[in-house]
């Protein structure tokens, strides 16, 4: 079967408006063939390729060679254009390359052009640089046939050009790429190869590198540093952020480490000289990791707060040496990260194995590390594709077009008037600066600045201010459950043990009685990852609560403790002195298989003092039960589990088995230990809702903002929490979706079952539990409903039922047992339905989703919060509606400022063009008064309105080019134009109008008239005769006061901002400005008039100006309130014209509302059934899940 893309897929790709964003989600074969089909034919062979293929930072790379004649022409152009050409090249990198270079193969290129493959298509260019290894000749006698560089198994050796020993490389976004001569492509350097097996890592790097290997790698890979330059003040914008980042990473670059060389032995070196493959010796405690390293011997307890957001110690185990050629990252079902010590994390304890040392092989250095990647994501953030900013650019282009028309008009008028050429050019260029306000981009950000300041006062910190406006558009918010909706702390509620007869009575911890001795008690005392540090027990809160419930104590074993294969100082748990009837002195924890989100379990191997060697497992009940002997799992397991999970309890299952004492603990594989276990019982923990959760969710739902729960916890617990929190109301139904992977001869299946709330009296109170209805009437389809599913079902649906995925997401509310990768995928799928998605999590396992969402809100104060645009100091979800309110206020403020700046420029533009008709203009002082005394003060104070305290059930417009906003701008421009033309024409028709007099004051202003009509007066006015005229005076007063009027009209209050009258500073500024303008208008002060190049006019005309302005204000205000801001009117207009939202989720909602067969209750469908085909109702070609099945 051909791997070439089908016609449908090609049509989809070529017709997509945002093919770049969809490109990376195509299946691998299809992508390769589409790439070759569409793009290979346009370039010569070898000129282009993909860099970081399939990764988030994927780019196209094109080869170019610099030509001397082109370079000379560009240099001449730069000189003759007075530096304009280099500026153009700076903003258009592709033009720079095309002007200086000619295309060539990448192997011959001295310059490469890079283009991102996302929807933004951003260009950049880099020079190809050479790294010379000849400097090592004298030190090591390095020759082309030296054994160190002849082994072409590694990328670093394939990059060395022989015999001249040179390496071609480029540096892109802080990452170095070298040219692989064997494969003919640029490849990332600074990391160990992913294809290495665990055996290869132990064999090649287990004894360290030779000095020659270290020096070659240092030269090619570069230093192990994360350098963030502090941007000079003159170098634009992000100074503050670069300083913070510099402080964040500077400690990373100055750490002393112990490195073991193959011949040199252990040496103390500076961390910046580390290279991939170096062997680190970890000694002592409190060690900050300067690189990513894979642990190959010993174990470590690490604080990964910088990465995960939780300062909970994590146990790292050594990479097992397996006789397999499988890459080490995929050799086990467990997460490979349990063997990796990440850069920036702190090693709290290093526990040596039998050999007496803790050893780790350097995996990645510099910006290739986890911390480096985090810093790069801040330095090079993904561009915001928010329509507001695109529309602002379009509007600026419209203003440029308007200015061009004004320039042509000016040229015609002044040329026909016989003005000197330099005057004509000066006036023409003036029009551009008037029509295109240079302050417009700054004005659009002022609302963001004030909103950010208010957020900071509320304990919400922001590292991506541009996303504040996006907050105003959120219509779906995803929440993690544990620690976000529910409290951080867990309280032990009880434990249910079991025997051959089934589950026993609940042992309640409220009674104060200790758990009786037995395997269950031993499991609670030893199956955890707690550590003893400085006399304090630290670790996961759940583990801590469980251990404290046993009243046992933790200590380290003494020197006399000797067990085969066990370190001398192992962690030992002992019963307290007051405990009775405990037949063992203590239990030594010999080995841990740590907990991971993907595995949903942890296991320990322990040794009873003078007793048996045991293995204990703790984890998700369904997972633990699957590893147990079926006969040891009570038949009532499912129903018993439902009793507790549906009440919102968190349930952990425990199991154990006996092991042979003569086995070396490190020789036992996880698969061997985790088999044929005996089920012990259930540990029940109470995880209550935070007090703020329910009111916040109710506020969001009432504002028609969708709320979704994404958790790693049990599905039924999640359903109960959703009901208790108000995410699912009492009269709404929950439909459980279960999807199963292909199994043998049966194809993948999906079933739909209605979850019914019933009461079950068990412990004296009426407790809710979930019951699956066997028979469902048609009433089940009526009213609103919510889908609930697990991560496993989400994975199967994504793979086999993609046609149903958008239908499910439209009403999908509860997603349980979701892995971190699935959380990110789910957020992305919601975005594809045109939702503006927010994600709120406590930082643990949520970083990917926080980064993927339009707005990520971390409730963790750890350094991991830099991966999230927003971080709340208060660890509850009250920050979510607060952020949305501020976002809406900032968005409306941006619109207000945009409208005001547009009107201000158009008012000046219209006034100046009218005066140009008389070859007149506004004077410098008149411009200065309007720009500084009026517009600047308004721009600074207009944005001070705070957010309105109530969330309304609709959002502000997200676009500048929306009918109400455009109508408002155009209407007010026309209104101002009409008023200016009326004033311009009417003043010329006044009986006192004359172009030769400098005052037309009435008899009542006789003193002023005498003064201005005196022979000396004309002399005083001569210097300003170019500006002084009755038209100038009239136009200036109309324009200046009109700027104040539109500021008041455009300053919006409810429903998104506080009312205008609460902005006391702004109101005071307007009153003062209006008072000053009226004072100038009516106060006959000759010197003031002379300074401002104004003429004295009769009182009646001044009153006429006020009347025109008043009419303008009344008409503008009525139109703004009665039409522009009349939401009901616009909704009626939409209905009359049959307008419907084009958002994908709206289209699906309309389709599903008219589908009587949806949702399909009590049905099971298979992937090979026709109705489940990929193209029946929806094809989602941009989704391709790489998540492994749980």
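In the working numbering, the protein residues as written are 2 to 1191.
Even glycine gets a Cβ: it sits at the ideal position worked out from N, Cα and C.
As computed with DSSP, residue 268 is found in a beta bridge with 260.
For residue 128, DSSP records a beta bridge to 112. Residue 707 and residue 840 have their C-alpha atoms roughly 12 angstroms apart.
With respect to the C-alpha of residue 608, the residue from 657, 623 and 728 having the closest C-alpha is 657. The C-beta of residue 799 has 16 or more other C-beta atoms within 10 Å across all chains shown, which makes the residue buried. Inclusion of residue 293 and residue 369 in the CB contact set at 9 angstroms is warranted, their separation being smaller than that value.
A check of alpha carbon separations from residue 726 across 736, 703 and 692 identifies 692 as the nearest. Its Cα nearest to that of residue 57, the residue 117 stands out among 110, 104 and 117. Of all alpha-carbon atoms in 1146, 991 and 711, the one lying nearest the alpha-carbon of residue 825 is that of 711. DSSP, read as helix, strand or coil, puts residue 531 in coil. If one requires a minimum length of 3 residues, the beta strand (DSSP E) runs lying completely within the stretch 278 to 334 are 280 to 283, 293 to 298, 300 to 304 and 314 to 317, in chain order. The stretch 68 to 75 makes no contact with the stretch 126 to 139, as fewer than three CB pairs between them are under 8 angstroms. Look at residue 178 here: in three-state DSSP terms it is strand.
The three-state secondary structure of residue 458, taken from DSSP, is helix. Among the bridge pairs identified by DSSP, residue 479 is matched with 709 and 840.
It is roughly 14 angstroms from the alpha-carbon of residue 694 to the alpha-carbon of residue 721. Checking the DSSP bridge columns, you'll see residue 683 partnered with 497 and 654. Closest in alpha carbon position to residue 653, among 617, 811, 796 and 446, is 617. Between residue 820 and residue 842, the gap from beta carbon to beta carbon reaches 9 angstroms or more.
Spanning the alpha carbons of residue 93 and residue 852 requires a straight line of approximately 29 angstroms.
In this structure, the straight-line span from the alpha carbon of residue 940 to that of residue 898 is close to 7 angstroms. In this structure, the alpha-carbon of residue 638 lies about 12 angstroms from that of residue 498. Annotation: residue 195 to residue 55 spans about 15 angstroms, alpha carbon to alpha carbon. One Cα belongs to residue 961, the other to residue 895, and the distance between them is close to 10 angstroms. The C-beta of residue 990 has fewer than 16 other C-beta atoms within 10 Å across all chains shown, which makes the residue exposed. Within the stretch 150 to 218, the complete alpha helix (DSSP H) segments at least 4 residues long are 156 to 159 and 199 to 206, listed from N- to C-terminus.
Taking a contact as a CB-CB distance under 8 angstroms, the pair residue 797 and residue 749 counts as one, their CB atoms being some 6 angstroms apart. Taken through DSSP and simplified to helix, strand or coil, residue 969 comes out as helix. The criterion of a C-beta distance shorter than 9 angstroms is not satisfied by residue 524 and residue 553. Per DSSP, the beta-bridge partners of residue 62 are 50 and 115. If you look at residue 439, you'll find it isn't in any alpha helix (DSSP H); DSSP assigns it neither H nor E. When DSSP states are grouped into helix, strand and coil, residue 474 belongs to the coil group. The three-state reading of DSSP puts residue 1078 in helix, counting H, G and I together.
A distance below 9 angstroms separates the beta carbons of residue 688 and residue 487.
Contact annotation: residue 888 and residue 838 have beta-carbon atoms that are not nearer than 9 angstroms. In this structure, DSSP gives residue 753 an extended state, which the three-state scheme calls strand.
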